[in-house]
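To keep things clear, I will list the structure first and then write my remarks on it.
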Amino acid sequence: SEAFLSVRDLRVQFSTEDGAVKAVDGLSFDLERGKTLGIVGESGSGKSVTNLTVLGLHNKKNTTIDGEIVLDGKELLTASESEMERLRGNKMAMIFQDSLTALSPYYTVGRQIAEPYSKHTGASKKEARDRAIEMLGKVGIPQPKQRVDDYPHQFSGGMRQRAMIAMSLACNPELLIADEPTTALDVTVQAQILDLLKDLQQEFGSAIIMITHDLGVVANMADDILVMYAGRAVERGSTREVLKSPQHPYTWGLLSSMPRLSSDVNEPLLPIPGSPPSLLNPPSGCPFHPRCTFTDKVSGERCSGERPVLPVGRGSACHLTADQKQQVFIDTIQPR
Ligand code: SF4
Ligand code: MG
16 SEAFLSVRDL RVQFSTEDGA VKAVDGLSFD LERGKTLGIV GESGSGKSVT NLTVLGLHNK
76 KNTTIDGEIV LDGKELLTAS ESEMERLRGN KMAMIFQDSL TALSPYYTVG RQIAEPYSKH
136 TGASKKEARD RAIEMLGKVG IPQPKQRVDD YPHQFSGGMR QRAMIAMSLA CNPELLIADE
196 PTTALDVTVQ AQILDLLKDL QQEFGSAIIM ITHDLGVVAN MADDILVMYA GRAVERGSTR
256 EVLKSPQHPY TWGLLSSMPR LSSDVNEPLL PIPGSPPSLL NPPSGCPFHP RCTFTDKVSG
316 ERCSGERPVL PVGRGSACHL TADQKQQVFI DTIQPR
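Per UniProt numbering, the sequence shown starts with residue 16, numbered consecutively.
Right, dumping it as structure tokens:
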């Protein structure tokens, strides 16, 4: 079956004064209708750029894009600006990390939900206002009829995030891209918003791409996980596979820094030393090698000399053997 969204060998390069930055360097993934893909990585891993590119919202100046993005049979990289705008209204929508940048302080919350809705569906003013009230109710805003005429500053942070979700879902998008949608919120509200997204996904049948630096956010939400590092995918699999038997040293680091409610141990077992690499001069070979604590298990200079390939389907881009991957995980991470 054809994937609803298919990304093939995507490359996004920015030319800067200092040289070319390979923000996304050969990324491929598929997403089926109604499913959730978690894209996990540190800032600078290319996860946000990838998704802005899918939406056609990337900064076009000094940017070179190659590859293929096909949404429901339509090639997006060659689509016109006006086609993309139409698709962003009807077929895909985005939820940002910060509701304050997505919602204008000058207009009521209701108007900000109603206007794009009537623009994209041709609904009358009255219908659109009713839709805004309905959507505010669906995202759990109490007394939506009273709150529809409030301004964003009259909402709490959690309510604004809900309002933004209402705005994104009002037109029934088939693809929803959520970039760190809960990062700015406290843990309790975070959990509520994720639950809400899951419920709404059931109701609307949207496919979701959930972008996050926190594996915990996608653990209960995503069907599949793609781990990104330095503009490349380094591991992919079902959420169950990635959480139960992760294969890539970077994923081990992410996993071991996940806070566990059941544990008193707050120190990550396997911290990731150092910081993300420069994409101006990316490391040779495996981009993770300057931070990896397992290079001694791989023979010779392989880690710094040879770029590991991510296989199609379940797998990771790392030169360790399958046995080594399993053994290190069992010895190092699992005892916790
Ligand atoms: Fe570490 Fe080498 Fe695997 Fe890269 S290829 S993750 S450096 S062991
Ligand atoms: Mg980001």
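The beta-carbon is built from N, C-alpha and C at its ideal position, and this holds for glycine as well. These numbers were taken from a predicted model, which means no experiment stands behind them.
For the ligand SF4, is there a heavy atom less than 7 Å away from the beta-carbon of residue i?
i	result
L325	no
V313	yes
C186	no
T65	no
T310	yes
L335	yes
residue 362	Outside the displayed span of the chain (16 to 351) sits residue 362, for which this structure offers no information.
H263	yes
H228	no
F303	yes
Would you mind giving the Cβ-Cβ distance between residue i and residue j, rounded to the nearest angstrom? I have them listed as a contact below 8 Å.
i	j	result
S30	N74	At roughly 12 Å, the Cβ-Cβ gap does not stay under 8 Å, so S30 and N74 are not in contact.
I192	G53	Actually they are not in contact, since the Cβ atoms of I192 and G53 sit about 12 Å apart, beyond 8 Å.
H135	G88	Between G88 and H135 the Cβ distance is about 20 Å, and since that is not below 8 Å, they are no contact.
L42	A181	With a Cβ gap of about 31 Å, L42 and A181 do not count as contacting.
G300	R322	6 Å
G61	P291	Not really, about 10 Å apart at Cβ, beyond 8 Å.
A222	R48	6 Å
D194	S97	With a Cβ gap of about 24 Å, D194 and S97 do not count as contacting.
P286	F344	The pair is not a contact, with the Cβ atoms about 16 Å apart (cut-off 8 Å).
L20	L72	16 Å between Cβ atoms; not a contact.
Are the CB atoms of residue j and residue i within a distance shorter than 8 Å?
i	j	result
S114	A178	yes
V27	A38	yes
H304	S319	yes
P167	K106	no
A199	Q112	yes
G289	R306	yes
R251	L325	yes
G56	Y244	yes
M174	G231	no
L25	T65	yes
G246	D40	yes
I128	P196	no
If we define contact as Cβ-Cβ less than 8 Å, is residue i a contact residue for chain B?
i	result
T116	No chain B is part of this structure, which consists of one protein chain only.
Pick out the complete alpha helix (DSSP H) segments inside the stretch 70-117, 4 residues or longer, and give them in chain order.
96-105 and 114-117
Write down every uninterrupted run of the beta strand (DSSP E) in the stretch 220-307 whose length is 3 residues or greater and which is fully enclosed by it, in chain order.
222-227, 239-244 and 247-253
Please give the ranges of any alpha helix (DSSP H) in the stretch 153-203, keeping only runs that are unbroken, at least 4 residues long and fully inside the region.
159-162 and 172-184
Unbroken stretches of the alpha helix (DSSP H), 4 residues or longer, contained in the stretch 325-350
337-343
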